[in-house]
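In this note's numbering, the protein residues as written are 3 to 438. Comments concern the structure below.
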Ligand code: NAP
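Next up, the structure:
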């Protein structure tokens, strides 16, 4: 059996699952997993909402996969800058891109550039402590809109509406807690462009919204005429049935005069973000032929993510994915996860996606060109020559311990399991410290 060197870029669930599946489907393989960030876990660390510990818990199985030694992790290494395609070809038989999708899909309406109009992906990166976004976020609005009826819209709406103290037990960075604590928000309006039967939420996440402390859910009877949900309609699943029951139960609920309100509006097609002096003042929608305007001071666009192009790799810029067929991009080049199929589906779906890519990779092995410099020391030597301060698995174990210690040392009223280190240089310093 030919011995194989494979590089994976992107140490989120897609990259780790791909590495793990490859390690168990091809015996003689050595896998190096790179990430542009100093720490592993991608979307789990920087995309999943901090108050979703059940989903964050997936990290435990990813940890085991990396800790098994079958996949070597290297952080703070960017494809196209620290390692170019020609370097990858000189050191590996094949490369898999699992770089995900972190940008916001574009909303092409007037006013989208106004101050106070934000992409949800940027806000998520902020509250999850991503090192490459500004550390401050202007939470000064009282009335806020969230556009979109997917789970990201729910995350953003929930985090905006929740009392900051109810977030303190999570791993949110200090500055995020401080920002949320000062937020004067009273009303969060979530706008879907289609009806309540067409929501893309999932039941657990929707139900959770109704359980947020001191927040009233407000629904509008105009969106729920008699027979609004047809159990028998084509494509209706059990999930839709559960969600219809949840919405119906909220329609019957008496408001509890909570401090904050979370409104769900349907059939609202975005038309224009309104502003004065460069600042958002409201939003205009079309609802079933009628124009509706709402006074608002901030708008969060949660209408889907979009992948980023990688240098020298063919990109489909209408879908925001690497152009591929079943994960095959070009000889020796593969893609998996959201950068392969687009930003849809739950984390578990990434596994079957990785299986397809790995199956194709393994069946192509005989066509791979042997790399000129296949030793691990050779690629690490190149990174060192270029002055790249890369981190590794032992570095992550140190950073992990450090964050857990910050959590247990927290001198507040609430127990904190972890406090995230945000700054990139600080993460690298802790990971690479020799006196830890
Ligand atoms: P999504 O599920 O695709 O939802 C996007 C929403 O944006 C849809 O409601 C869509 O409406 C709407 N939209 C798109 N273009 C629009 C436009 N021009 N104007 C108004 N609305 C527009 O995407 P997502 O919320 O970003 O989530 C991505 C994936 O991650 C999903 O699979 C999601 O379930 C998953 N996720 C899961 C969790 C969790 O807690 N389990 C959390 C976050 C994300 P239409 O339906 O009409 O197209």
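A virtual CB, placed ideally from N, CA and C, is assigned to each residue, including glycine.
Taking the DSSP output, what are the residues bridged to residue i?
i: residue 331; result: Partner(s): none; residue 331 has no beta bridge.
i: residue 81; result: 85
i: residue 124; result: Per DSSP, none; premise fails for residue 124.
i: residue 262; result: 217
i: residue 324; result: 317
i: residue 6; result: 31
i: residue 297; result: 284
i: residue 96; result: 8
i: residue 189; result: 145, 263
i: residue 106; result: 307
i: residue 292; result: 289
i: residue 337; result: 99
Am I right that residue i and residue j are in contact with their C-beta atoms under 8 Å? What's the rounded C-beta distance?
i: residue 102; j: residue 398; result: Not confirmed; about 18 Å, so no contact.
i: residue 373; j: residue 7; result: 6 Å
i: residue 117; j: residue 281; result: 5 Å
i: residue 141; j: residue 272; result: No, residue 141 and residue 272 are not in contact; Cβ-Cβ is about 22 Å, not under 8 Å.
i: residue 122; j: residue 264; result: In fact, because the Cβ distance is near 16 Å, the residues do not count as touching under 8 Å.
i: residue 299; j: residue 143; result: 4 Å
i: residue 159; j: residue 183; result: In fact, because the Cβ distance is near 18 Å, the residues do not count as touching under 8 Å.
i: residue 2; j: residue 187; result: Because residue 2 is not part of the residues shown, which for the chain are 3 to 438, the question remains open.
i: residue 133; j: residue 425; result: 6 Å
i: residue 129; j: residue 60; result: Actually they are not in contact, since the Cβ atoms of residue 129 and residue 60 sit about 19 Å apart, beyond 8 Å.
Would you mind reading off the limits of the beta strand (DSSP E) that contains residue i?
i: residue 119; result: 119-121
i: residue 147; result: 145-149
i: residue 283; result: 281-289
i: residue 221; result: 217-221
i: residue 32; result: 31-36
i: residue 159; result: Premise fails: residue 159 lies in the alpha helix (DSSP H), 153-163, not in any beta strand (DSSP E).
i: residue 302; result: 300-303
i: residue 48; result: Run containing residue 48: none in the beta strand (DSSP E); it sits in the alpha helix (DSSP H), 44-48.
i: residue 273; result: 270-278
Pick out whichever of the options has its Cα sitting closest to the Cα of residue i.
i: residue 309; options: 138, 323, 297; result: 323
i: residue 109; options: 186, 386, 370, 275; result: 275
i: residue 224; options: 212, 253, 239; result: 253
i: residue 328; options: 338, 321, 317, 320; result: 338
i: residue 58; options: 44, 375, 67; result: 44
i: residue 422; options: 64, 131, 50, 12; result: 131
i: residue 268; options: 298, 406, 226, 61; result: 226
i: residue 291; options: 304, 270, 307, 303; result: 270
i: residue 17; options: 191, 351, 382, 168; result: 351
i: residue 261; options: 233, 170, 215; result: 215
i: residue 105; options: 389, 315, 311, 381; result: 311
i: residue 83; options: 11, 239, 415, 178; result: 11
i: residue 196; options: 230, 26, 37; result: 230
i: residue 111; options: 277, 181, 47; result: 277
i: residue 375; options: 86, 92, 396; result: 92
i: residue 178; options: 297, 46, 127; result: 127
i: residue 430; options: 61, 242, 391, 416; result: 391
i: residue 71; options: 330, 26, 289; result: 26
Can you name the start and end residues of the alpha helix (DSSP H) that residue i belongs to?
i: residue 427; result: 426-433
i: residue 136; result: Premise fails: residue 136 is in no alpha helix (DSSP H) and is neither H nor E.
i: residue 355; result: 351-365
i: residue 246; result: 240-253
i: residue 423; result: From DSSP, residue 423 is part of no alpha helix (DSSP H); its letter is neither H nor E.
i: residue 178; result: 176-184
i: residue 404; result: 395-410
i: residue 70; result: Premise fails: residue 70 is in no alpha helix (DSSP H) and is neither H nor E.
i: residue 342; result: 340-343
i: residue 229; result: Where residue 229 is concerned, there is no enclosing alpha helix (DSSP H), given that its DSSP letter is neither H nor E.
i: residue 378; result: 378-387
i: residue 211; result: 205-211
i: residue 58; result: 55-58
Under 6 Å Cβ to Cβ from residue i, same chain only, skipping five residues before and after it: list those, please.
i: residue 9; result: 34, 90, 94, 97
i: residue 249; result: 198
i: residue 194; result: 151, 268
i: residue 15; result: 349, 352
Among the residues of its own chain, which have a CB less than 8 Å from the CB of residue i, if the five just before and after it don't count?
i: residue 153; result: 202, 203, 204, 207
i: residue 120; result: 300, 301, 302, 303
i: residue 319; result: 311
Cβ-heavy atom distance between residue i and the ligand SAM below 7 Å?
i: residue 55; result: The ligand SAM is not part of this structure, which contains only the ligand NAP.
Between residue i and the rest of its own chain, which residues show a CB-CB distance below 7 Å, the 5 nearest in sequence each way excluded?
i: residue 42; result: 13, 68, 75, 77, 398
i: residue 258; result: 218
i: residue 3; result: 29, 30
i: residue 367; result: 4, 6
i: residue 405; result: 420, 421, 422, 423
i: residue 321; result: 344
i: residue 412; result: 418, 421
i: residue 305; result: 107, 109, 149, 150
Please decide whether residue i counts as near chain B, where near means a Cβ-Cβ distance under 8 Å.
i: residue 297; result: The structure shown contains no chain B, having only a single protein chain.
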